[in-house]
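The next block holds one structure in the form of structure tokens; read it before the comments.
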Amino acid sequence: MRPNLDRTMEAAFKRLRMPLWVPPTEARDFLRREHWSEAIALELCEWFARTWSRAFAAGYKGTPLQSFDAEHVKRMLTRMGYDDARRDELAAVLIEGLPGLYAKGQQRRALTA
Numbered sequence: 008m009r010p011n012l013d014r015t016m017e018a019a020f021k022r023l024r025m026p027l028w029v030p031p032t033e034a035r036d037f038l039r040r041e042h043w044s045e046a047i048a049l050e051l052c053e054w055f056a057r058t059w060s061r062a063f064a065a066g067y068k069g070t071p072l073q074s075f076d077a078e079h080v081k082r083m084l085t086r087m088g089y090d091d092a093r094r095d096e097l098a099a100v101l102i103e104g105l106p107g108l109y110a111k112g113q114q115r116r117a118l119t120a
């Protein structure tokens, strides 16, 4: 992984006026703790970080959580070359984390109000 990946992502999110709540290294570490290989963790960490950061930011800003269609996520993973079983597992990991991060964003907003 590039050592400045977090800084690169933070700069991109800053241009969008949205903080990067979940850095790619944290997403990568999460995938590794869930026993995914280093190669898979490296490939998916930026996508997961962006998606999870958007969920947290939506809760923080008080906007509705963007719905993620499981079939769309599965199609994306299929295009990346994942077989059906791994695709389904990874889609579940990505989507299952969204409500919790949204709730954490809402809690953070309540603390700053």
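So the sequence shown is numbered by my numbering: it starts at 8 and just counts up by one.
Using N, Cα and C, we set each Cβ at its ideal position, and we do this for glycine too.
Being a predicted model, the structure only gives us computed values, none of them experimental.
Residue 56 versus residue 109: straight-line alpha-carbon distance, rounded: Translated into the one-based positions of the sequence shown, residue 56 becomes position 49. Translated into the one-based positions of the sequence shown, residue 109 becomes position 102. The alpha-carbon atoms of residue 56 and residue 109 are separated by roughly 13 Å.
N-terminal and C-terminal residue of the alpha helix (DSSP H) that residue 32 is part of: Counting from 1 along the sequence shown, the entry for residue 32 is found at position 25. Taken as a continuous stretch (DSSP letters only), the alpha helix (DSSP H) holding residue 32 covers 31 to 40.
Residue 98 beta carbon less than 8 Å from that of residue 77: Here the question's residue 77 lines up with position 70 in the sequence shown. Here the question's residue 98 lines up with position 91 in the sequence shown. Yes, the pair counts as a contact, with Cβ atoms nearer than the cut-off.
Whole-angstrom distance between residue 115 and residue 69, CA atom to CA atom: Taking the sequence shown and counting its residues from 1, the one referred to as residue 69 is at position 62. Taking the sequence shown and counting its residues from 1, the one referred to as residue 115 is at position 108. Their backbone Cα atoms lie some 11 Å apart in a straight line.
Nearest to residue 37 (by Cα), restricted to the options 101, 71, 72, 112: Here residue 37 refers to the residue found at position 30 when the sequence shown is read from its first residue. Ranking the options by Cα distance to residue 37, first place goes to 101.
Assumed close pair residue 118, residue 62 - CB separation to whole angstroms, cut-off 8 Å: As a working mapping, residue 118 is identified with position 111 in the sequence shown. As a working mapping, residue 62 is identified with position 55 in the sequence shown. Between residue 62 and residue 118 the Cβ distance is about 18 Å, and since that is not below 8 Å, they are no contact.
Span of the alpha helix (DSSP H) around residue 73: Stepping through the sequence shown from its first residue, residue 73 is reached at position 66. Taken as a continuous stretch (DSSP letters only), residue 73 belongs to no alpha helix (DSSP H), as it is neither H nor E.
C-alpha distance - residue 42 paired with residue 95, whole-angstrom precision: The residue labelled residue 42 in the question sits at position 35 within the sequence shown. The residue labelled residue 95 in the question sits at position 88 within the sequence shown. Near 15 Å, if we compare the C-alpha coordinates of residue 95 and residue 42.
Per-residue DSSP class, three states only, for residue 9: Here residue 9 refers to the residue found at position 2 when the sequence shown is read from its first residue. Here residue 9 scores only 47 on pLDDT, less than 50, and its place in the model should not be relied on; the value that follows carries that caveat. Here residue 9 sits in coil by DSSP.
Check whether residue 64 and residue 71 have beta carbons under 8 Å apart: Against the sequence shown, residue 64 aligns to sequence position 57. Against the sequence shown, residue 71 aligns to sequence position 64. No, they are not a contact pair.
Selected residue, minimal CA-CA separation from residue 30, among 46, 44, 54, 85: Here residue 30 corresponds to residue number 23 of the sequence shown, with the count starting at 1. Here the closest residue by C-alpha is 54.
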